[in-house]
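Worksheet: the structure to be examined is printed underneath.
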Amino acid sequence: MKKSLESIFLIPAFVFFFLSFAFTSCVDEGDYTTSSSVELKFSSDTLSFDTVFTTIGSTTKILMVYNKENQAVKIDRIKLGGGVASYYRLNVDGDTSLVAKDIEIGAKDSLYIFVRLELDYNNQSNPLLVEDSIEFFFNNKHQKVLLQAFGQDAYYHKPSHYLLSQNQSGGYDTIWFSMAHENPESCGVIVNGNDIEWKNDKPNVVLGVCAVDSAYTLNLSANTKIHFQNSAEFWVYKDATLKAEGDVSQPIVFQALRLDEYYKDIPGQWGCVRFMAGCKDNVLNNVVVKNATIGILVDTCVTSNPTIEILNTKIENCSYIGLYSRGAVLDMKNSLIQNCGNYLLALTLGGNYQFVHCTFANYYNYKTRTTPSLYFNDYYLDINDNVQYRPIERAEFYNCIAYGALSDTELEFDMIDQNFSTIRFDYCLLKHENTNQSTMFTNSIFNEDPMFIDAANGDLHLQEKSPCIGKGNGVWGYNLPYDIEGNLRLDPPSIGAYEYKPLTKFKISKKKS
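Every letter in the sequence shown is one number past the one before it in our numbering, and letter 5, counting from 1, is 310.
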């Protein structure tokens, strides 16, 4: 729908002219009503846009104009109140000029008007109200519809370099990218040697690919908002580091560019956050990653230290995979992954992993999902199609939930090593029918609904009769005394990222994790 609405501005005007001629050319001047009592009706008296970033156009909104009369109406002029200085743009029946003239609406008929908003750079940190109106002049009278939007300035990370990447067909794709430490003044970057920081007084907008260069450490602080254009990605190079340290009440957010209500939970709006092979000491703490294709992609680790440590983090609404590891060393605690089109968690090419007090819940509803939530793999095919074994050294899950909408199982084991000796689920609640791999499962609950408050809409808090309440191992609760929201865990704790609290007692603490 998005493409069709935006492309309406590109449809040749002669198409609209032809259609208008076909349906209205038979109306004589005497057939138009000239009564001053005629009122046009509108689909809305105020056409509102959500926050729009400067220099980047909004989505297209539609205003419907209705003629309820038994005669046709000729509108002398339709124009923007702000005229040439307006930030809005109209397409009236194919006419994109500043003033559309002699627009006809047949008896009991309607007219589409398509509206966009384009803002210039304004150098303001807070959203500003941008108002105008669409004005209609006919039968010696005047009606108007209010246009309203909030405009937001931002730091823009625009690509200025390129590299060639070989594609599957043997050709090369051009990847345009910027570096996270470049253009400090205009991009809101503070550089101190190899330590860099992005300011959080305005959102950061990534166009193309933005990368943390080798030997640099990018520090992101609480309340940093990073927005990605369609297909844009964020990379951390070999020997580079990302330390994203948010706060429980002010997380760091990686999300799409569009802020309209329609796009709030739409998956696949941008690419991924990618940790390249050889990057090191990465930390995500109190972070939200949402509406991507792949939320987080972690490549092979080259040392025994964790490639990335993920704490108090949410990965949500990804069209493909939430967390995709390819032989990494990874720890994830007090975190959740939910509602992805394929896997929530894909542990491939071996690796070394630990998950504690995590919730994996897949109720993806944008297509029919056939793949389970958790996927394990310990091999790959080389260029000669020979199988190369890459063992899972460790994959441990403690006090975790893995559940979803599939009817049978949410775990898949695509492995050469069928002993499963290095995979362990302890004090977990799982949807899994094949429990013959008994060495993997200890003290766990199978195929009981965890009773989330509203999983379909992303609320994974536990209801008061959930089988997860008080069923976790207190040792891990002691090691992680606060849940993903900063609430103190009970002893024994609830399984999953959220400690159960009666709804009347839910509150966000001010504690920094």
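Glycine residues also receive a C-beta, built at the ideal position from the N, C-alpha and C atoms.
Since we're looking at a predicted model, the values are computed, not measured.
Residue i to residue j span [Cα, whole Å]
| i | j | result |
| --- | --- | --- |
| residue 715 | residue 663 | 15 angstroms |
| residue 248 | residue 625 | Any answer about residue 248 is impossible in this case: the structure gives the chain only from 306 up to 818. |
| residue 586 | residue 688 | 31 angstroms |
| residue 840 | residue 425 | The first residue shown for the chain is 306 and the last is 818, placing residue 840 beyond what the model contains. |
| residue 806 | residue 772 | 14 angstroms |
| residue 719 | residue 671 | 26 angstroms |
| residue 429 | residue 457 | 7 angstroms |
| residue 410 | residue 371 | 8 angstroms |
| residue 795 | residue 616 | 19 angstroms |
| residue 612 | residue 543 | 11 angstroms |
| residue 421 | residue 364 | 6 angstroms |
| residue 658 | residue 702 | 9 angstroms |
| residue 483 | residue 514 | 6 angstroms |
| residue 738 | residue 589 | 33 angstroms |
| residue 722 | residue 651 | 17 angstroms |
| residue 336 | residue 459 | 52 angstroms |
| residue 554 | residue 391 | 38 angstroms |
| residue 468 | residue 502 | 25 angstroms |
| residue 408 | residue 435 | 27 angstroms |
Three-state class that DSSP yields for residue i in the structure shown
| i | result |
| --- | --- |
| residue 389 | helix |
| residue 779 | helix |
| residue 568 | helix |
| residue 663 | coil |
| residue 762 | helix |
| residue 490 | helix |
| residue 587 | strand |
| residue 506 | coil |
| residue 497 | strand |
| residue 396 | strand |
| residue 724 | coil |
| residue 788 | coil |
| residue 731 | strand |
| residue 604 | coil |
| residue 434 | strand |
| residue 478 | strand |
| residue 636 | strand |
| residue 719 | strand |
| residue 690 | coil |
| residue 381 | strand |
| residue 407 | strand |
Test item: CB-CB of residue i and residue j under 8 angstroms
| i | j | result |
| --- | --- | --- |
| residue 352 | residue 450 | yes |
| residue 305 | residue 767 | This structure gives no information on residue 305, because the portion of the chain shown stretches from 306 to 818. |
| residue 551 | residue 592 | yes |
| residue 464 | residue 395 | no |
| residue 695 | residue 680 | no |
| residue 708 | residue 778 | no |
| residue 380 | residue 419 | no |
| residue 631 | residue 605 | yes |
| residue 644 | residue 667 | yes |
| residue 725 | residue 747 | no |
| residue 545 | residue 557 | no |
| residue 649 | residue 660 | no |
| residue 775 | residue 797 | yes |
Buried or exposed (CB count within 10 angstroms, at least 16 for buried), residue i
| i | result |
| --- | --- |
| residue 815 | Because the pLDDT at residue 815 is just 46, under 50, the model does not fix this residue reliably, and the value given afterwards should be weighed accordingly. Counting Cβ neighbours within 10 Å, residue 815 comes out exposed, since fewer than 16 surround it. |
| residue 572 | buried |
| residue 567 | exposed |
| residue 309 | Caution applies to residue 309, whose pLDDT of 42 falls short of 50 and renders its modelled position unreliable; the value that the coordinates give is listed next. Residue 309 should be labelled exposed. |
| residue 447 | exposed |
Touch test, the stretch 474-484 against the stretch 494-502, Cβ-Cβ under 8 angstroms, three pairs minimum: no
Contact the stretch 562-570 vs the stretch 515-530: 3+ CB pairs below 8 angstroms: no
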